[in-house]
Structure formats: structure tokens, C-alpha cells
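Everything on this sheet refers to the single structure shown next.
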Amino acid sequence: MELSTTGDKKRYKVGIPRALHYYRYYPFWKKLLEELDVEIVLSPPTNKKIVEEGVTHGFGELCIPVKIYYGQVLKLVENNPDLDFLFVPRYVSEVPESYFCPKFLSLPDVIKILPEVPKILNFEVNVKEFPISTSAIELGKQLGKGQTASVDAYKKAQKYFDEYHNFLRDGGSVNHALRLVHRNLPFKLPKKQTKGDLRFLLLGHAYNIFDSFINLDFIKKLHEQGVEVLTIENLPEYLFKKPVIVNPRGGILRNYWRHEEEIMQAIRFFLTKGKNEIDGVIFLISFACGPDSLISELIMRDMKVVGLPFLEITMDEHSGEAGMMTRIESFVEMVRRKRKKLGLEPRWKSKIKFYEGT
Amino acid sequence: MLISFPNMGPNWVAFKTLFTALDLDVVVPDPTNREAIKIGVKYSPEFVCFPFKATLGDFVNAIEKGADTLVMAIDCGPCRFGFYASVQERILRDMGYKNIRIIPLDQADLLEFHWVKTLQEVSGRKDLFIYSKYIKAVIYFLKKAKLLNDIQTAEGLFRAYERNLGDTTRVVNELLEKLDKANTLVELRNFKKVIKNDFNSIDIEKSRTPLRVGLSGEIHISLEPYVNLDLRRKLGEMGVEVHQSLSLYDWVVHKFHLNYHRKWLEHLAKPYVPMDIGGECVWVLGEYIDKAKAGFDGFIHSYPFTCMPEVTARTIITNKLKKMYDLPIIYFSFDEQSGQEGFRTRLEAFYDLMEARREREIKSTPEFMANGQKKIYPQYGGEFYNEIAQLIQAE
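The listed protein sequences correspond, in order, to chains A and B. Taking my numbering, the leading residue of the first sequence gets 98, the next gets one more, and so forth. Taking my numbering, the leading residue of the second sequence gets 1200, the next gets one more, and so forth.
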């Protein structure tokens, strides 16, 4: 690396595309990379051009979040030709006996063959084979940092990430929290809280729910309808301790996808003890999402048994605003009418109860 | 108790023997047909991959034929296949088949011997005396699977040379019947000769120079002829040698960690995908490189619509490998909407492309010109393949 006048090493410039795991792990990455003395460049929020770019480079059968990832990477490289590295982590399994979707497993492999992409900063999370601290050491090595520095950075990042999660569990929204992280501000809940007479659980992958371009600002649309939105990130930790058994009566199968496991665990609570805490469930699915196609079927069958209203919305790059609006409005109206008929009180009077020790 | 299992091309022969060797009654579902697919599509989740729908249809068919115990292979990630058995069980229950048992056959790592548990569950016995039968069943299963693999190899070669369309298909069907009836070790040991004899009786035109095409992709799609619109037969009848190393035997041996061909393919694919990400992704990449190096004329990649690992393989081939190795490739993604005619048109166009490419190749290479304007293909394939190739080349 070239040396600056003070004799210090030049800080590496690392690009992070604002897509896929960004919505889940960004605080962790940011702290980790900053502790390793790296300058982070983030790509702009998704817009129409990025989606178009991604669609041309990925092909039809990929799911839309991956196409956006392509677009974000290309945009990032185009805007910052002087990037030293591109941070494309390989998430294989975060918890033993679990996997991510195969598309995450091979993400660096499909990105590194795109034109004009800088060197990829390898960060493989695979706790089946080695702990995350090892991955952090490997990451540090590529940035010219020693073992101790890397492990320290990892510890700090993990602590910060735990804080971030606690903030979300106190009721912060992910988009708000990410904004705070990006601006290096302390975690603080916004003064204005949205209140509504209905409370929905919004299920789905973080990259579908919080990318407001691709889901056409879904959360805002719900707020406008007077609906409080709960996402998986807002739920307390103990719900996610016990694994879900997909078919308790037959051959016992444990769900092996990490994201889907969380979705199933959340829904398990609301199907049993938390049945009266929410008014309905909306599941946002991107077209051609493999795991969700099976999970949504299981959830739908469970919902039918319990009698909770359930709406499944499939979206892709052709989603239309008007159609989406109609579906949301009719669903909200239907739930509201049901509540009125049963003579129930609006939701803002009751706070959600999570029973400890399930 | 009547046992059944889903279809996967001719592999019902091998699966049947696994259970009949344990003195159990087996009912084989009808070959996958339109009715089965219709039922599968009606009750499956909308966006699930196609083998799920096809196998669900097979199950319903088997149940209607009287089966009450279904055996389904499972895996533990990362692709959707691991969920098949449990979700299908749930769907069958909701359809009203309350007394159906689905017994999972764990094939994640056959050296962990989870499959013994399946055999115990199926046979209902756990005493030591049954273990000799397990061994017999597994040996028969492996032998028949190997012979099926051999039939597949011979079929791919012979069909390109046959004079009367349909001869090879007839021989293959007869061989399957014979293999199904062969239930002693002596018969199985001699069966290789039967295969060679039967194929040798086909009237072939030895002077032809067919194109060579490699075939790979998702295993169920590649092996089940109804689902892949009889891709292998169509190619063969166009006059194309079909080379497909993918078979049930290939897969089972791989799961016993003894498949060195697949290890070689993994080695080839390592720079592009360093790990098994489910499906056949790694091996498809390996096959593509391997076939390109062996001087093939084309490659066909077939997979179910939106299959996650295969889509990754396709992305990597399109963006990188195709430019490096310059082997023509065509992708077929199958689902219940596949139409015969569009498929045939694409296949014919691909055939023309390969032929034009080979002609150009011959004209630009002096060695091929000296060989009487014929392309020389390097030595390729396993032991049995070479025996079959000698049958064709022999005067």
C-alpha cells in the first residue's frame, strides 16, 4: 500500500452493498470493520435504476433480493472506482445444525465473477466448522491486522450488536436503528410512536421488509391504515430458544434454515400463548424464494386451524402500487370489521404481553 | 402393510428390491403421468419446486393402489429437499389420508447408518437375525442400481446409432423387466452380459458420427422421463450420444464417500464454488468443465424452475465458465407448464448450433481434416462405457 505523509498506512476503503444481509448484520459489520481501521462505503438506498441494473445481470429465476444485490454491487463499484475491497460475506451457518439459503452460501462466488469488481473481503461464518472469532481473525489477516486486534474487534462488535438487538427488542424499528448506526448516534427511541387500533405481525426476511423500495413502503402503508406493526426483531429473545419441530406427529424434522426458523418460532408463540395479542399476520415473500414457498404453506395451514387472519403477499420487480394498496386495505378492513363484530377494544389500550419462561 | 415410494425413472427396480428382499409387500406407483402431476400441482404450495409436486402425485397414486406406508428420502439442508417428506405428510393428512405413514430415509450421509433405522422401521423388526436380510437387501439394491446405471450408459450410446427408431427404448424396457425378475446373486452377477447381448442385438449403423452431449442437472428431473419430457430419448432419436454420469448409483456411492468421479468433479469446480451448497450445483459445474475438456459438442443442464442451487450453477456458468471453456450449453427449467413443442424447437435449434460448430471446428483443425473430416474425440468414460463403445466400433 502507498504511504501517506505521516507515515501511517492508508486506510482501506471497503464497500458494503445495501442489500440482503445488510438489514440484519450491518451494525455488527460496521463495528467490526471500523475496529479494524477501515473506511466503510455504503451504497445508496435501492432505486429503480439499481433494480434494473440487477435484473439485467442476474437472470429471471433469481429472487428479487439477489437481483438487487447485483444492482447494488454494480452501483457501488461504479460510484467508487477506488474501492480496495468489497465486503461480501459468506454466511453458511450461524447456529450449529442450521443453514442459510443456498444463494447466501454461494454469494461471494457469484459476485466475484461480475465485471470490474474489486477484490472480495472474505468473511465466512460457518460455526459448523469454526467459531466466528476465527472468521474475524481471517478477516483481520486480509486487512493486515494481528490476531489480538481482530479478536478484540470481534468482541466489541458482538457487544455492540447485542446492544442493537436490545434496542430493537425495546420496540425500535429496524430502519430507524440502522439510521442511528450509520450516523454513529446512540440508540434512542423516537418520540413519536405510531398508535393504531390494530396490531399485525409482519413476517418475512429482513431484506424484504425493510427495503422500502422493493416492498413499496409496506410498513408506512400499514401505519397509514392505523395499524401497529410488529416484526420478528421486536420480539423477546426467549421465544427463539427452542427449535421448531415441523412435523411432531411423523418423523421428526428440525427446521434447518436460520431465517425461516425465526419466522416459525415467532409464529409458534402467536399460535399458542400469544393468540390474542395480534389481529393478523402478513407474510411478505419475494417471488422464487425457495424456503418461504414451503414455510408459508406450513404457516397457512396452522393459521387455518387457529383462525387468525393471514395474508401472503408475493412481490417481485413488477409489483404495482395500486394492487398492493387494494390488498392491504381490504385485509385491514376485513380484520377491523371482525373486531367490531366481536365488540373488542382497540389495541392501543393493551400492551403486548410476553409470558416469560416458555 | 404395503410399501410404496415415489418414481424416479427406472430406479423403481432398485427401490423395489430393497423392500422385497426384506419379505415386504411393495406396490410401485404408475409411471408419473398427467393425472399424478395434476393432483400434485393442485395440492402443493404454488412456488415449490417441481419434484415436490411430481412425488406428491406419485404418493397419491400409490395410496389409491393400496399403499399405506410411504418411504421418502430426506436430507438436512441447505436446499428444499429436506422438507419434502414432512410437508408432504402434512398435505396428505389434510387431504384426508389419515392413516398414511411416511417413513423418512435419511440420506444425508449414508456412512452414519441412519438408513438402518429406516429399514428397522419398515420391517418392524430389530432383532439380530434380521440384519443378515438387511445386508442382502442393501447388496441387491446396490447391484441393481449399478446395473441400472450401466443400462443408462449403454442406452445413451446405442440410441444414436439405431437404424429403427425405438429399438433401444424397447430393449431398455425389456431389460428393466428382466432386471426386476432377477432375484439371485448369480443372475445379477451375469446380468452385465445380458445387457451387452441385448444391446448388441440392436440393428445399428456403425458409420454414423453422432454429436456428443453431456447431460446433468437436478437428479429427479434428470432421471424421470415424464418430467423432463423424455429429454434423453428425444436427443438420442435426433442422433446424439448422451453422456450422463448422474444416476441413482452415482448418488448413493457418493453418499458412501466412495465416488471418486464426483470427487474429481468437486476438485474441478473448487475455484468457482468451494463447497457443497445443495442440489447438484458443484457437480454440474464440474461436469461442465470436465465435458468441455473432453471435447464434447454440447451440454444440457436441466433443473426444476427456481431450484436454488441449480440457479446458482446456471449463474456461474453463464457469467464465467461459458466464456472460459466455450462449450455450448442449453438450460431447461421444468415445471408443470412445460410444453412439448417449444421444448422440441429449442432442442432442434441447439442441435443445429452444435452441428455447425463441429463443422467449423473440423475445418479449422488439420488433424480432424486428415481423419476424413471427422472429429476425433479423446478417450472418455468409465470401464463399462468403453466396453459398450467397443461393441459399437467393432466391425
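Glycine included, every Cβ here is placed at the ideal spot set by N, Cα and C. The structure displayed is predicted, hence computed values, not measured ones.
- Under the rule that a run must span 3 or more residues, the beta strand (DSSP E) segments found entirely inside the segment 141-207 of chain A read 182-184 and 187-190.
- With a cutoff of 8 Å on beta-carbon distance, leucine 1304(B) and isoleucine 1273(B) are scored as near each other.
- For proline 199(A), at least one C-beta of chain B is nearer than 8 Å to its own C-beta.
- Interface criterion not met: the Cβ of glutamate 374(A) is under 8 Å from no Cβ in chain B.
- Listed in chain order, the positions of the segment 391-418 of chain A with a beta carbon within less than 8 Å of a beta carbon of chain B are Leu391, Ser393, Glu394, Leu395, Arg398 and Thr411.
- In the displayed model, asparagine 1427(B) falls within coil according to three-state DSSP, outside both helix and strand.
- Comparing C-alpha distances from alanine 1307(B) to each of Phe1455(B), Cys1248(B) and Lys1377(B) shows the shortest one belongs to Phe1455(B).
- A check of alpha carbon separations from glutamate 213(A) across Leu171(A), Leu129(A), Lys253(A) and Pro193(A) identifies Leu171(A) as the nearest.
- The alpha-carbon of histidine 1313(B) is positioned some 33 Å away from that of asparagine 1372(B).
- Proximity of tyrosine 1471(B) to chain A, defined by a Cβ-Cβ separation below 8 Å, is satisfied.
- Using a CB distance cut-off of 8 Å, arginine 1289(B) counts as an interface residue toward chain A.
- Burial check for histidine 1466(B): the Cβ neighbour count within 10 Å stays below 16, so the residue is exposed.
- Looking from the CA of leucine 1269(B), the closest CA among Phe1204(B), Thr1511(B) and Phe1498(B) belongs to Phe1204(B).
- At a cut-off of 8 Å, the C-beta of glycine 1239(B) has no neighbouring C-beta in chain A.
- Here lysine 164(A) has Gly151, Val152 and Gly155 as same chain residues with Cβ atoms under 6 Å from its own Cβ, once five neighbours each way along the sequence are excluded.
- Going by DSSP, glycine 1541(B) is part of the alpha helix (DSSP H) stretching over 1539-1563.
- Taking C-beta atoms as the reference points, isoleucine 342(A) and arginine 355(A) fail to come closer than 8 Å.
- By the neighbour-count definition (other C-beta atoms within 10 Å, threshold 16), alanine 419(A) is an exposed residue.
- DSSP places isoleucine 1418(B) in the uninterrupted alpha helix (DSSP H) bounded by 1418-1422.
- Note on geometry: alpha-carbon atoms of isoleucine 1350(B) and lysine 1562(B) lie some 35 Å from one another.
- Taking lysine 1519(B) as the centre and dropping the five residues before and after it, the same chain places the C-beta of Tyr1471 closer than 7 Å to its C-beta, in chain order.
- Taking 8 Å as the cut-off, the beta carbon of glycine 1497(B) is found closer than this to the beta carbon of leucine 1526(B).
- Closest in alpha carbon position to asparagine 272(A), among Pro178(A), Leu218(A) and Ser309(A), is Ser309(A).
- Taking a contact to require three or more Cβ pairs closer than 8 Å, the segment 312-323 of chain A and the segment 401-421 of chain A qualify as touching.
- In the same chain as proline 1230(B), and ignoring 5 residues on each side of it, the C-beta atoms closer than 7 Å to its own belong to Asn1206 and Tyr1425, in chain order.
- Between the segment 1434-1448 of chain B and the segment 1506-1515 of chain B there are fewer than three inter-stretch CB-CB distances shorter than 8 Å, so the stretches are not counted as touching.
- Partner residues in the beta bridge of threonine 328(A), as assigned by DSSP, are Leu299(A).
- For the segment 196-222 of chain A, the set of residues with a beta-carbon nearer than 8 Å to any beta-carbon of chain B comprises Tyr196, Phe197, Cys198, Pro199, Lys200, Leu202, Ser203, Asp206, Val207, Ile210 and Leu211, in chain order.
- When only Cα atoms are considered, glutamate 1479(B) and isoleucine 1418(B) end up about 8 Å apart.
- Non-local beta-carbon contacts of tyrosine 1579(B) in its own chain, meaning distances under 6 Å to residues more than five positions away in sequence, involve Ala1493 in chain order.
- For arginine 1300(B), the closest of Phe1251(B), Asp1475(B) and Ile1202(B) by C-alpha to C-alpha distance is Ile1202(B).
- For the segment 206-235 of chain A, the continuous beta strand (DSSP E) assignments of 3+ residues that do not extend past its boundaries occur at 216-218 and 221-223, in sequence order.
- Taking all protein chains in view, the Cβ of alanine 1213(B) is crowded by 16 or more other Cβ atoms within 10 Å, so the residue is classified as buried.
- Judged by beta-carbon spacing, phenylalanine 1218(B) lies within the 8 Å limit of valine 1225(B), meaning their Cβ atoms are closer than that value.
- For phenylalanine 156(A), the nearest beta carbon of chain B is closer than 8 Å to its own beta carbon.
- Contact of tyrosine 188(A) with chain B is not assigned, every C-beta pair being separated by 8 Å or more.
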